[in-house]
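Okay, so the sequence shown: first residue is 60 according to the numbering used here, each after it adds one.
Report on the following structure.
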Amino acid sequence: MKIIVGLGNKGKEYDSTRHNAGFIFVDSMAKEMEKDASENVIQYHTEKKFEADVAEAKIDGEKIIFVKPNTYMNASGKAVSSIIKFYKSKAEDLIVAMDDIDLPLGTVRIRNDGSSGGHKGLQNIIDSIKYDTFIRIRIGIDNFSKQETKFETAEYVLDNFSKRELPVLKKTIYSAIDYIVPHLKNKTEIPSHSFEVVAKEQKVEK
60 MKIIVGLGNK GKEYDSTRHN AGFIFVDSMA KEMEKDASEN VIQYHTEKKF
110 EADVAEAKID GEKIIFVKPN TYMNASGKAV SSIIKFYKSK AEDLIVAMDD
160 IDLPLGTVRI RNDGSSGGHK GLQNIIDSIK YDTFIRIRIG IDNFSKQETK
210 FETAEYVLDN FSKRELPVLK KTIYSAIDYI VPHLKNKTEI PSHSFEVVAK
260 EQKVEK
């Protein structure tokens, strides 16, 4: 069993915001894995007991659960801890995808343990489930110019990806998916890895 959680804020006004890169990831992964699912269609439904939108699939005999918490980002741990308790799952069953303002747009970093790095949604999960040894997928969203300051961060992450940024984001996400899916199918450990779809010195126009 694997529980794949995307972090974000529920609501149409947040759908294309940078802070919702985790939601975009988990939706993209569910769509990519549909062709291998027993019933071929992976559909979300709201589970009030989890405070989350949940989709289940069986792929090569293994249950995969896709999760988008209905709580705001900073309370994501409520949904994740409820699901883990319900399914009596283990640390190695959990995969969490999120945005990372400290990574450039066009990069993704996969790690299997460590701190939250200041990400409040991830920290809330760690605090709620009492362990940090699970796969986390950090999706870079930083496309600040050198003139912009960190005082604009809160506004920046809640702004929409631009038309120029979205193709870079999607390419980055699918690079990560292409890396992860074979490990899920083969039931092998997912090693730490980093991708750089866009070189750091390249600036994606907003």
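Glycine is no exception: its CB is placed at the ideal position from the N, C-alpha and C atoms.
This one's a predicted model, so the numbers in the text were calculated from it and none came from an experiment.
Asked                                                                                                           : Found
Coil, strand or helix - E110 by DSSP                                                                            : coil
The segment 96-106 touching the segment 175-188, judged by at least three CB pairs closer than 8 Å              : no
Residue closest to T130, alpha-carbon to alpha-carbon, out of S221, S141, S174 and D159                         : S141
Spatial neighbours of Q206 in its chain, beta-carbon cut-off 8 Å, leaving aside the 5 residues before and after : The predicted model places Q206 with a pLDDT of 49, which falls under 50 and marks its position as unreliable; any figure quoted below should be read in that light. Closer than 8 Å at the Cβ level, and outside the excluded window around Q206, lies no residue.
Sequence-distant residues of the same chain with beta carbon closer than 7 Å to N79, five excluded per side     : G67, N68 and Y73
Cross-strand partners of E115 (DSSP beta bridge)                                                                : I124
Presumed contact (8 Å Cβ cut-off) between V126 and I63, rounded CB distance                                     : 7 Å
F310 versus D152 - alpha carbon distance                                                                        : No information on residue 310 is available, as it lies outside the stretch 60 to 265 that the chain covers here.
Boundaries of the alpha helix (DSSP H) in which H242 is found, first to last residue                            : E224 to N245
Among D161, I185, I154 and K149, the one whose alpha carbon lies nearest that of G81                            : I154
Identity of the residues DSSP links to L153 by a beta bridge                                                    : I62
Where the beta strand (DSSP E) containing S253 begins and where it ends                                         : H252 to E255
Contact check, G3 vs I185, beta carbons under 9 Å                                                               : Look at the range of the chain in this structure, 60 to 265, and you will see that residue 3 is not part of it.
In DSSP terms, what H104 is bridged to                                                                          : V113
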